[in-house]
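Chemist: Numbering-wise (my numbering), the sequence shown opens with residue 23 and increments by one.
Even glycine gets a Cβ: it sits at the ideal position worked out from N, Cα and C.
Please see the structure below; I have some questions.
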Amino acid sequence: MVSEMSKKREFKDDEELEHGKVVKRFNGLPQFNLQRFCYRHNPDVQSSVGSTTCYKQDANRLKSVNDKISQLPKNEREEVHHVVSTFRKSNDKLRKLMLEGILTACCFPQLSYVASEVQNMIRIDFISILPQEISLRILCYLDCQSLCSAAKVCRRWKTMADDDRVWHRMCEQHIDRKCPNCGWGLPRLHMKRARNPTPTRCTELITPWKAIYRDRFKVECNWRKGQCVIQEFKGHMDGVLTLQFSSRLLFTGSYDSTVAIWDLCSGRLIRRLSGHGDGVKTLYFDEQKVITGSLDKAIRVWNYITGECISTYRGHTDSVLSVDSYKKIIVSGSADKTVKVWHVESRTCYSLRGHTEWVNCVKLHPLSFLCFSCSDDTTIRMWDIRTNACRRVFRGHVGQVQKVIPLTIIDIENLVVDDKQTSDPPTDDPHDPLTEDLPYPTHILSCSLDNTIKLWDVKTGNCVRTQFGHVEGVWDIAADNFRIVSGSHDGTVKLWDLQSGKCIHTFQGKSLQEPHDQQAETAPHKVSPIACVGIGDSEFFTGDEMGYVKRYRFDTT
């Protein structure tokens, strides 16, 4: 009756008839049959890993043993068959007793042979035997190199190691942050998915998150090796003072009083903004506008798509050296020794006084309502833009401070600091400005004409690290979560590791000597000072006093 019903019933792919009953088969999880067989003799496990289809033993190995037994004399052959047959028919308890007796009677050569043979036989393919979720969880703990090695073990391991969930976890651990286990961090690269709309046979086999990790890994390797492609932009008649860029546009300001807008895809100059009466020293841009500050004491807001000047802000009594903006707030630093906060909607302006020399740079940290400024008076000041009060002064540079950048460093435990700075006591201030529950920056980075780059602890106000390497003043710095790039009057651009503070690579600027100069071989080699720098996920830019802008790309080699 059961057989007749089974003929009429159509079984699914994961069902089978066993002892007259329909049972469910778990094709992806071969461990379901372990109650009837041990791991080594489980037919489902053995067939899944492709070693044998035998129910009770490895057929190839058994055949080899039988061949050796058949070559023995008849009486010895019968004795061996009797021993093996008795062992097979015995239960687990008796088998252990037999093995104990045999091992006790063995000499060292036999024990050595047993050890070498057993070593290979007791290996377990845990990736195949464990549930898929647990196997994937185990693979998530591997680094990139180990995961790629695991994919070479067998087809099943490759399927598991190439699973999109594993590589998604890898991307989460490494992209835009440093992994605490392996120490590697990968650039963001605008988080573009690496899907090919018309995949080839090879690209079809690559899962999306693995392709994303692969692309970023290549870029990170190029950063570390210093392998890049250099592209030049020349469109200014005088030195380049400032630059900013996005994924498709580059903005440069120059002594020639103009702002040049470049298409990064084609390298063409697509627009030039004219209107300032003197050099454009600083600029800021977002998706809607460009804000420029000039040596003519004015701040201008432009629609960079049309080239129209939307508004002009006048209030400084000397050159505007730096601007920054967030939503409806503009901050500016000037040679008149003041920092001004412009509220666009209310049309009000507040002056922050405290510096005694030119204010070379201002930077907003909007999440904590802080503004940082640095000056020729060798100090850095931290301002609260809600109260317009100076909350802290950072002292330590011995030259004019040219740039300040607020940073939020996540892995502070592995941050390398100077030994003499680690013992400095924290500032015991009952009116500590950082007591509010706000996402304050953990550190600030600064550069100066004293040839150094300094890292400061915002909470204590102490300088925790000083980086030496440039032989002349450092005009500009830029940083991301992994690296610092610095441009100096000595004509070099240096790439530093943010975590360790070590100089990774040094790039030479534009030579001031003409190729046909006959005195070039005997005269000292001179290069144009680097006035400004900018850094992105896969590239950095430099601008020099000869009017050249260089783009160093690490994603094309």
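With a 10 Å radius around its C-beta and 16 neighbouring C-beta atoms as the bar for buried, classify residue 89 as buried or exposed.
Modeler: exposed
Chemist: Just to confirm, are residue 382 and residue 393 a CB contact at a threshold of 8 Å?
Modeler: no
Chemist: Hey, would you say residue 495 sits closer than 8 Å to residue 508, going by beta carbons?
Modeler: no
Chemist: Please list, in chain order, all residues of the same chain as residue 481 whose beta carbon is under 6 Å from its beta carbon, the five residues on each side excluded.
Modeler: Listed in chain order, the non-local C-beta contacts of residue 481 below 6 Å within the same chain comprise 456, local neighbours out to five positions each way being set aside.
Chemist: Taking only the alpha-carbon atoms, compute the straight-line gap between residue 527 and residue 427 and give it to the nearest angstrom.
Modeler: 21 Å
Chemist: Using C-beta distances below 6 Å, list every residue in its chain close to residue 307, excluding the 5 sequence neighbours before and after it, in chain order.
Modeler: 266, 273.
Chemist: What alpha helix (DSSP H) runs, 4 residues minimum, are completely inside the stretch 391-446?
Modeler: 441-444
Chemist: Which runs of the beta strand (DSSP E), 3 residues or longer, sit entirely within the stretch 479-508?
Modeler: 485-489, 496-501
Chemist: I'd like to confirm something about residue 99: is its beta-carbon nearer than 7 Å to some heavy atom of the ligand MN, or not?
Modeler: With respect to the ligand MN, the structure shown offers nothing to examine, as it has no ligands at all.
Chemist: Helix, strand or coil: how does DSSP classify residue 152 here?
Modeler: coil
Chemist: Please list, in chain order, all residues of the same chain as residue 377 whose beta carbon is under 6 Å from its beta carbon, the five residues on each side excluded.
Modeler: 359, 397, 399
Chemist: Who are the near neighbours of residue 564 in its chain, counting only those whose CB is closer than 6 Å to its CB and skipping five residues on each side?
Modeler: Result list for residue 564: 509, 515, 552, 555, 572, in chain order.
Chemist: Mapping DSSP to helix, strand and coil, what is residue 195?
Modeler: Helix.
Chemist: Taking all protein chains shown into account, do 16 or more other C-beta atoms lie within 10 angstroms of the C-beta of residue 574, making it buried, or fewer, making it exposed?
Modeler: buried
Chemist: Determine the burial state of residue 334: buried for a count of at least 16 other Cβ atoms within 10 Å of its Cβ, exposed for fewer.
Modeler: Classification of residue 334: exposed, given that the 10 Å Cβ count is below 16.
Chemist: Quick check on residue 266: does DSSP put it in helix, strand or coil?
Modeler: strand
Chemist: Any idea what DSSP makes of residue 239, helix, strand or coil?
Modeler: Residue 239: helix per DSSP, three-state reduction.
Chemist: Check whether the stretch 230-242 touches the stretch 185-193, counting contact only when three or more Cβ pairs, one atom from each stretch, lie closer than 8 Å.
Modeler: The stretch 230-242 makes contact with the stretch 185-193; the number of CB pairs closer than 8 Å reaches 3 or more.
Chemist: In angstroms with no decimal places, state the Cα-to-Cα distance between residue 505 and residue 440.
Modeler: Residue 505 and residue 440 have their C-alpha atoms spaced approximately 18 Å apart.
Chemist: Anyone know if the C-beta pair for residue 362 and residue 354 falls short of 8 Å?
Modeler: In contact: residue 362 and residue 354 (Cβ atoms closer than 8 Å).
Chemist: Give a yes or no on contact between the stretch 253-265 and the stretch 235-244, applying the rule of three or more CB pairs nearer than 8 Å.
Modeler: no
Chemist: Contact defined as beta carbons within less than 8 Å: I believe residue 299 pairs with residue 269. What is the distance between those atoms, to the nearest angstrom?
Modeler: Actually they are not in contact, since the Cβ atoms of residue 299 and residue 269 sit about 32 Å apart, beyond 8 Å.
Chemist: Kindly indicate which three-state DSSP category residue 122 falls into: helix, strand or coil?
Modeler: Annotated three-state conformation of residue 122 is helix, per DSSP.
Chemist: Would you list, in sequence order, the uninterrupted beta strand (DSSP E) runs of no fewer than 3 residues that lie entirely inside the stretch 316-349?
Modeler: 320-325, 330-336, 342-348
Chemist: If you draw a straight line from the C-alpha of residue 198 to the C-alpha of residue 162, how long is it?
Modeler: 18 Å
Chemist: Classify residue 225 as helix, strand or coil using the three-state DSSP reduction.
Modeler: Because the pLDDT of residue 225 is 43, which lies under 50, any placement of that residue in the model is unreliable, and the number read from its coordinates should be weighed accordingly. In the structure shown, residue 225 sits in a helix (DSSP, three-state: H, G or I).
Chemist: Between the beta-carbon of residue 569 and the beta-carbon of residue 259, is there less than 8 Å?
Modeler: yes
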